[in-house]
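In what follows, a single structure is set out as structure tokens and then discussed.
In our numbering, the protein residues as written are 1014 to 1221.
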């Protein structure tokens, strides 16, 4: 039903030339999209254990898995007038993993940076550290209080609540991302300062 609402709303926006309705149609579309995202997050969270139990990991070019999403993520950033930097990098670096889960992880973590950045940019870098490949997502967003950082990967946790909330969501995204990273024997960490931005660091063991 949500997909149907989104489809009908978009058709109405394109075919009805009634300026007075535009604001209402945009609100219907945006709020329907938020409901869809929340439902999707709940479904994904409920399937986590079965998804990861069924995985048969194989060599995955970790940076290529991100580059394939670059256009999609750049469009999301562009809608907020943000710059997103994901450079082309050679040579290939392989990890043992599941490409789908890795790409879902990129969507969550980089999408979070876009969501909580009102102006400026998001940059993604890759480095090697010992036997690990390290990917960092740095943004110029609003950041968060230091005392909330230990809770940031817990399910249903959000820094603001009630009438103080400026963004919708269930607080599941980063918890799902962490489970995906854990399933790849990796680690995810976050550094953040209020009004200074956030750095998310993900590390995965490289294949020999």
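Backbone N, C-alpha and C define an ideal beta-carbon position, used for all residues, glycine too. Given the structure is predicted, the values throughout are model-derived calculations rather than measurements.
| query | result |
| --- | --- |
| Three-state class that DSSP yields for residue 1144 in the structure shown | coil |
| Delimiting residues of the alpha helix (DSSP H) encompassing residue 1091 | 1083-1091 |
| Residue range of the beta strand (DSSP E) that includes residue 1213 | 1210-1218 |
| Three-pair Cβ contact test at 8 Å for the segment 1112-1129 versus the segment 1142-1160 | yes |
| Residue 1213 versus residue 1026 - alpha carbon distance | 38 Å |
| Beta-carbon proximity of residue 1110 to residue 1161, cut-off 8 Å | no |
| Anticipated Cβ contact below 8 Å, residue 1189 with residue 1121, distance rounded | 6 Å |
| Cβ-Cβ distance between residue 1165 and residue 1203 below 8 Å | yes |
| Classification of residue 1179 by the beta-carbon crowding that lies within 10 angstroms, buried from 16 upward | A caution first: residue 1179 carries a pLDDT of 44, below 50, which makes its placement in the model too unreliable to give a value. |
| Helix, strand or coil at residue 1046 [DSSP, three-state] | helix |
| Straight-line Cα distance separating residue 1033 from residue 1192 | 45 Å |
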